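Structure first, commentary second.
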Amino acid sequence: MRLINQRLSPGAGAVLKTLPFVALVLAYLLGSALRLAENPNDKLLPALTTLADAIDRMAFTADPRSGAYLFWTDTLASLGRLAAGLGLATLIALLVGMAVGMLPVLRALLAPFIGFVSMVPPLALLPVLFIVMGLGETSKITLIVIGVAPIMVRDLAQKVLDLPREQIVKAETLSASTWLIGLRVVLPQVLPRLLTALRLQLGPAFLFLIAAEAISADSGLGYRIFLVRRYLSMDVIFPYVAWITLLAALADYGLDRLRRKLFPWSELEGAR
Amino acid sequence: MRLINQRLSPGAGAVLKTLPFVALVLAYLLGSALRLAENPNDKLLPALTTLADAIDRMAFTADPRSGAYLFWTDTLASLGRLAAGLGLATLIALLVGMAVGMLPVLRALLAPFIGFVSMVPPLALLPVLFIVMGLGETSKITLIVIGVAPIMVRDLAQKVLDLPREQIVKAETLSASTWLIGLRVVLPQVLPRLLTALRLQLGPAFLFLIAAEAISADSGLGYRIFLVRRYLSMDVIFPYVAWITLLAALADYGLDRLRRKLFPWSELEGAR
Amino acid sequence: MTALSIENVWKEYGDQIVLENLTLEIAPRSFVALVGPSGCGKTTLLRMLLGQEQPTRGRILLDGTPLPPEPGPDRGVVYQRYSVFPHLTVLGNVMLGPELQANRLTGRSFGAARRALADQAREMIAAVGLAGAEAKYPAQLSGGMQQRLALAQALMMKPRVLLLDEPFGALDPGIRTEIHHLMKRLWNELPMTVVMVTHDLREAFTLGTRIVALDRTRSRPEELLRYGATVTKDIAIWPPRVAGRATLYDTEHPQAQDDLTAFASPAGTTRQTPSLI
Amino acid sequence: MTALSIENVWKEYGDQIVLENLTLEIAPRSFVALVGPSGCGKTTLLRMLLGQEQPTRGRILLDGTPLPPEPGPDRGVVYQRYSVFPHLTVLGNVMLGPELQANRLTGRSFGAARRALADQAREMIAAVGLAGAEAKYPAQLSGGMQQRLALAQALMMKPRVLLLDEPFGALDPGIRTEIHHLMKRLWNELPMTVVMVTHDLREAFTLGTRIVALDRTRSRPEELLRYGATVTKDIAIWPPRVAGRATLYDTEHPQAQDDLTAFASPAGTTRQTPSLI
Amino acid sequence: PKTDFKVAWSIYVGWMPWGYASDTGIVKKWADKYGLTIEVTQFNDYVESINQYTAGSYDAVTLTNMDGLSIPAAGGVDTTAVIVGDFSAGNDAVLLKGPGTLADIKGRDVNLVEFSVSHYLLARALDSVGMTEQDVKVINTADPDMVGAFQTPDVTAMVTWNPMVAEIAALPDATKVFDSAQIPGEIIDLMVANTEVLADNPDFGKALAGIWYETATLMTADTPEGAAARAAMGAASGTDQAGFESQMAATKLFDKPGDAVAFTTSPDLPKTMDLVRGFLFDKGLLGSGAPSADVIGIEMPGGVVLGDAANIKLRFSDTYMKLAADGAL
Ligand SMILES: Nc1ncnc2c1ncn2[C@@H]1O[C@H](COP(=O)(O)OP(=O)(O)OP(=O)(O)O)[C@@H](O)[C@H]1O
Ligand SMILES: Nc1ncnc2c1ncn2[C@@H]1O[C@H](COP(=O)(O)OP(=O)(O)OP(=O)(O)O)[C@@H](O)[C@H]1O
Ligand SMILES: [Mg+2]
Ligand SMILES: [Mg+2]
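Take a look at the structure:
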């Protein structure tokens with residue numbers, strides 16, 4: 005039987021699925037054991053117990069200085085920034101994206117500029133950004149917004165343009181004004197895509213968050229990683245990276261569930 | 005007439021298009037003039053002449069120390085890394101993406117793992133990467149690959165899965181083996197998407213390039229930007245950022261042209 | 207009572223002349239079937255009647271007044287596809303028009319107004335035979351049901367002119383027959399003029415009071431760009447079909463008919479043997 | 207000469223029984239038209255004949271040998287859509303099968319072999335009436351031309367069984383009539399057994415030698431899951447149509463017929479009045 | 007006049023007191039005393055903190071003498087060193103992989119933060135064995151990644167500062183071949199303020215001095231409070247008390263204002279600054295068109311001026327440290 009026609013039992017599928025993860029863990033354990041055998045103080049691949057210690061210290065022991073649980077403080081700080089940045093970017097994408105997609109004048113005015121802006125590497129402009137925005141939360145949130153909003157705006161505007169022209173004309177024959185077309189025809193149809201666009205930007209948003217926190221912050225997941233990087237404290241970095249990955253994966257999954265729940269019609273075959 | 009129904013003359017469109025760019029330049033000139041009036045040595049928003057001087061110095065005057073034209077050396081170094089990284093990522097995306105998309109066993113084995121890997125923030129793993137890969141070109145190229153390949157793989161695999169099952173069955177009735185289906189049915193149909201996926205990853209690739217060059221390098225666009233950031237030489241940073249933006253935009257445009265040229269059928273309505 | 211006059215209309219796209227000096231008087235309550243080869247400009251003509259496109263030269267009058275330059279609620283439309291909104295349920299789709307008309311800011315009705323409207327919409331839904339499917343989304347309906355829905359949605363606005371662009375082209379023959387009967391009934395009952403584009407001559411003869419064929423008069427390749435299409439045939443159905451009155455051939459309860467018989471006996475015959483397509 | 211035996215076949219998807227104890231003997235060179243309501247399992251049956259799906263119980267024999275468990279070149283298929291490859295030209299699509307068969311590594315022919323094959327493919331293209339369109343991509347063809355192409359592509363493999371899943375469902379009636387004539391000719395000329403799913407009874411009667419109707423015998427909602435469909439009608443066309451021999455009603459140059467007449471007079475009549483759908 | 011001030015600091019052993027003072031209310035105490043508000047911002051990225059100051063977003067910043075000259079002063083921002091906090095006495099070091107002496111660096115790639123004090127240290131180190139930068143190849147490497155970078159095979163020589171020096175020195179095959187203890191007093195950590203702001207608001211300078219000396223006294227005290235402060239600063243810089251104390255050991259911290267005044271007024275300071283500006287001029291860091299190292303004037307207490315007296319952009323002032331020494335704050 006051709007490989008392409010093979011079918012797997014659910015059991016075999018589940019086993020296969022976990023294999024690479026198991027392999028990764030085993031490879032880590034092996035690498036760690038080898039390095040530690042050579043140099044017991046090696047910090048690059050700490051032993052599991054060291055990792056557990058670090059997790060315990062960061063997440064379940066109050067910091068003697070501030071009495072805070074650093075891991076959770078960092079998480080809250082980062083998630084707050086991320087939520088603000090992504091929320092703002094989403095709002096901008098919705099408003100600007102819909103306006104650019106719907107209105108020929110705005111499209112002529114802004115589409116090329118947004119295309120240009122989306123090509124600017126935001127990291128290179130960090131100094132200017134920090135000087136204009138100050139260093140508080142604003143600049144970190146702004147970096148996330150600058151990093152992800154142009155792409156989301158383009159995505160949304162494209163989605164609006166992809167709506168069949170027939171729908172717009174049909175709405176006009178149902179007496180809709182431009183405003184009402186936006187409100188009742190375009191908006192509900194681009195919202196699912198907005199959630200999808202948001203999901204696609206989770207990775208980049210985390211990237212910009214980490215980059216911004218690396219420059220100026222006093223808490224946050226990226227801040228911590230960069231702080232302990234000077235000491236090569238991989239026992240802290242690995243759990244933090246795993247945690248970021250998990251958070252991103254959860255957000256990704258949650259947003260997809262949310263879309264299905266809020267917009268059941270967007271799941272139906274042929275509805276797009 | 006409703007705003008949504010407005011039509012623009014080509015002339016008006018062209019004028020509107022340039023307005024935001026003109027506004028940007030004017031805002032810069034104004035800001036620069038204001039700051040320079042306050043402090044003639046201000047470095048944040050240099051005057052046009054200062055920018056021109058810097059461009060002349062970097063691009064058209066040999067560096068007294070090395071005799072090289074730094075701007076071009078940097079460009080070559082960066083483009084080389086970018087080409088290598090993106091080339092490798094494209095190759096991986098093609099091979100792994102097609103295999104994962106086509107073969108149920110590989111899909112069960114790798115799809116969840118790749119989904120997981122694509123959520124890992126690559127910047128946070130830089131120390132490990134450097135130690136495993138060394139500080140040379142390898143690690144920079146690897147960072148680009150790690151940063152963009154998982155997403156491209158997922159994209160390609162999804163594209164393969166999106167091919168109508170009917171096509172695969174049809175190919176089988178035409179006596180194709182799995183290999184031949186891959187070679188003559190799947191490959192040619194995913195190649196245009198591969199170019200599109202590549203375009204979408206240009207921005208992230210530049211980001212990772214800059215991040216890698218900021219960490220360790222002796223030439224490159226990102227290296228130069230982060231080096232001169234030490235003394236706030238915005239007169240060098242601005243031209244470099246503009247140049248990166250231009251390069252990215254050109255690559256984006258070029259790849260799209262290439263796709264149309266190589267795969268004319270992918271442009272035809274309904275061919276996707 | 208809603209006469210349409212198309213007077214010396216030309217339509218050009220850049221260099222290409224699509225329609226050439228088209229003149230057509232459409233009487234109130236007509237059901238005009240527009241036929242012609244692909245690409246001859248049927249959709250373009252419909253778009254101009256809709257107000258979505260403007261004639262390059264000439265003018266179009268609705269009861270003697272020039273058409274407004276954009277679509278509005280006096281002219282309804284049903285396309286072959288994309289005529290209903292995928293994000294609204296059947297009920298939501300049918301209520302949309304009146305809701306928009308009554309609420310210029312929110313586009314939504316609430317309370318008693320909403321309930322009254324919903325009742326009205328349910329009646330219309332029942333009239334097109336979709337009772338029971340009110341809560342479904344279009345993607346959950348078959349093609350024929352979607353086109354019924356599109357009709358119901360358009361008819362809620364009580365349009366003076368209903369424009370149909372191959373509305374039943376994608377349907378299976380059996381379903382098409384059914385929807386023809388529905389269409390005929392609606393046209394009989396509602397005070398509107400209908401212009402329908404179709405590729406299917408049988409459909410044209412089944413439904414129309416008049417069949418208008420568009421075509422290019424010159425068709426050598428080098429002439430294609432320079433000469434547009436115009437009216438080449440204009441046939442009134444005989445015996446005349448008049449809105450609201452049953453003709454000899456139109457049965458009263460057509461749903462009971464057997465599909466095959468429906469196929470075998472076209473409902474209208476012509477004075478002139480057609481060889482249009 | 208390619209007889210198909212379907213012996214006590216059941217097909218279940220999880221809890222749902224789709225086909226129930228289906229038994230059918232298909233004689234060599236038959237043209238079986240498979241009809242039945244939507245969702246009754248026609249496509250599922252075709253998929254099993256193709257080898258794409260396996261019966262849950264029972265077996266299917268091809269000339270007495272059990273079917274291989276996956277599709278192969280002895281059974282060709284044409285779907286309603288997606289039957290041709292959008293990235294290949296018409297010529298490329300038609301050449302693909304033989305190219306794959308002859309070159310197991312590269313999937314491409316070169317030199318003289320390629321030229322010979324191209325000639326053969328051009329003949330087939332001409333046979334289905336696509337001469338002149340060799341260099342076009344499928345997206346540049348109309349729906350009817352695409353289905354002709356799909357037929358040509360499948361026929362290049364000289365399949366013993368040709369399976370058609372509503373191949374002409376999406377076509378306009380005029381075009382459909384034309385392609386029916388083509389189909390009839392090909393079936394007459396080539397040594398193959400045809401099984402065609404269709405929703406269109408007229409089509410079934412026009413083309414088939416035998417009409418098989420699938421349906422559920424119980425249709426109360428609570429029974430839907432637990433009872434599958436099976437053969438409910440099995441009608442041989444009368445007068446019998448035999449491959450390679452013209453019948454009373456099958457004209458020789460059907461293209462000359464007027465469309466309307468073609469509509470009005472079904473080419474085959476039945477011994478039994480059908481009321482299947 | 008202005009009563010709100012913004013101070014930037016970045017994570018480094020000699021500057022940790024600023025964060026501690028901010029956390030524990032010492033900043034607020036001194037600011038209240040002069041009727042000011044002082045906002046203290048921590049930067050992870052040192053260069054960014056200087057850039058922000060240079061661009062005018064901050065009134066004061068922590069930096070080294072060399073960066074003070076090359077960034078704000080060369081950028082036209084007239085800058086005054088309010089507090090000389092410490093100088094590096096071993097905090098910066100040249101490290102080789104494997105055994106050897108400084109002379110073995112010849113021909114190697116040297117990883118360091120280009121144009122930083124590490125670069126300067128390398129230049130001084132090479133000078134001490136009669137080599138120049140031509141004898142090695144410099145590779146710019148970001149400071150947080152130094153520890154990881156040192157463990158890669160292709161890195162054989164490195165110049166960096168603490169805490170990375172301590173981490174690297176602890177690796178089995180690292181050899182420290184030169185450190186800042188061999189050029190004492192040349193790498194100086196300062197708290198600088200915008201000269202104009204300071205001239206208009208001397209109270210700001212006084213508050214800074216008050217904060218610094220209260221905190222420095224506390225953290226150097228051999229008391230439980232002192233230990234607690236060191237532990238807190240260690241934690242804030244990502245290590246612990248012991249790690250932080252070892253970093254302090256490589257730092258000559260001026261916890262007594264009198265010592266700082268003496269250092270600032272000593273004749274060694276002009277010599278140091280002359281070396282520094284020579285280095286910066288060589289690297290083209292005093293402005294691209296600078297004709298000589300003299301373009302920027304550097305003023306030392308007692309009217310000593312290096313370079314162009316008409317273009318003084320960097321000033322070492324002992325005014326506020328003296329006030330502290332006199333107990334006049
Ligand atoms: N927006 C446009 N710009 C340029 N040319 C157009 C435009 N719309 C239509 N055309 C051209 O006008 C001609 C008529 O198109 P139209 O869609 O009206 O044909 P049609 O009769 O509806 O054909 P069909 O039966 O295939 O739907 C075609 O040649 C088409 O290419
Ligand atoms: N892969 C599958 N998994 C589960 N159920 C399936 C699958 N394929 C088909 N079915 C179910 O089997 C039944 C028969 O489907 P099938 O596609 O064979 O119907 P059909 O007769 O071809 O209908 P239509 O005329 O609409 O094409 C349907 O109820 C369908 O939901
Ligand atoms: Mg049309
Ligand atoms: Mg089917």
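Residue numbers (the numbering used here), protein chains in the order written: chain A, 5 to 276; chain B, 5 to 276; chain C, 207 to 483; chain D, 207 to 483; chain E, 7 to 335.
Backbone N, C-alpha and C define an ideal beta-carbon position, used for all residues, glycine too.
Given the structure is predicted, the values throughout are model-derived calculations rather than measurements.
Buried or exposed (CB count within 10 angstroms, at least 16 for buried), residue i
i	result
A:Ser220	buried
D:Gly220	exposed
D:Met301	buried
B:Pro279	This structure does not reach residue 279 of chain B, given that chain B is present from 5 up to 276, and the question cannot be answered.
E:Trp24	buried
D:Met254	buried
E:Ala215	buried
Selection from the options that minimises the alpha carbon distance to residue i
i	options	result
E:Asp324	E:Asn200, E:Asp265, E:Leu281	E:Asp265
B:Ala128	A:Ala252, A:Ile241, A:Ala51	A:Ile241
E:Val88	E:Asn146, E:Glu202, E:Asp300	E:Glu202
A:Ala161	A:Gly151, A:Glu42, A:Ala115, A:Ala252	A:Ala115
A:Leu130	B:Asp60, B:Gly226, B:Thr54, B:Ala112	B:Gly226
A:Asp256	A:Arg233, A:Gly35, A:Gln171, A:Leu198	A:Leu198
C:Lys439	C:Met362, C:Pro292, C:Leu228, C:Val418	C:Val418
E:Phe11	E:Asn168, E:Thr271, E:Ser63	E:Ser63
beta-carbon residue i near ligand 3 non-hydrogen atom, thresh 6 Å
i	result
B:Lys144	no
C:Lys248	yes
Beta-carbon neighbours of residue i, restricted to chain E and to distances below 7 Å
i	result
B:Asp260	Under the 7 Å cutoff, chain E gives no residues; its nearest Cβ is about 35 Å from B:Asp260.
Under 8 Å from the C-beta of residue i: neighbouring residues of chain B
i	result
A:Thr249	Phe120, Met123, Val124, Pro125
Neighbour list for residue i in chain D, Cβ cutoff strictly below 9 Å
i	result
A:Met62	Within 9 Å Cβ-Cβ: nothing; A:Met62 doesn't reach chain D, min ~47 Å.
Ligand 2 heavy atom lying under 6 Å from the CB of residue i
i	result
D:Tyr219	yes
D:Gly245	yes
Distance cut-off 6 Å: residue i Cβ against heavy atoms of ligand 5
i	result
D:Val224	Questions concerning ligand 5 fall outside what the structure shown contains, since the ligands it does hold are ligand 1, ligand 2, ligand 3 and ligand 4.
Cross-chain neighbours of residue i in chain A, by beta carbon under 8 Å
i	result
C:Leu256	Val173, Thr177
E:Phe250	Within chain A, no residue comes near E:Phe250; the closest Cβ sits about 12 Å away, beyond 8 Å.
Neighbour list for residue i in chain C, Cβ cutoff strictly below 9 Å
i	result
A:Gln193	Phe291, Pro292, His293
Ligand 1 heavy atom lying under 6 Å from the CB of residue i
i	result
D:Ser348	no
Chain B residues whose Cβ lies nearer than 9 Å to that of residue i
i	result
A:Pro208	Gly207, Pro208, Leu211
Closer than 7 Å at the beta carbon, the chain D residues around residue i
i	result
B:Pro168	Tyr288
Got a sec: which bits of the segment 273–307 of chain D sit with their beta carbon under 7 Å from any beta carbon on chain B, in order along the chain?
Glu276, Pro277, Gly278, Pro279, Arg281, Gly282, Val283, Tyr285, Tyr288, Ser289, Phe291, Pro292, His293, Leu302, Gly303, Leu306, Gln307
Short-range partners of chain B found in the segment 327–353 of chain D, where Cβ spacing is below 8 Å
Tyr343, Pro344, Ala345, Gln346
Members of the segment 88–118 of chain E that neighbour chain B once the beta carbon cut-off is set at 9 Å:
Asp115, Asn117
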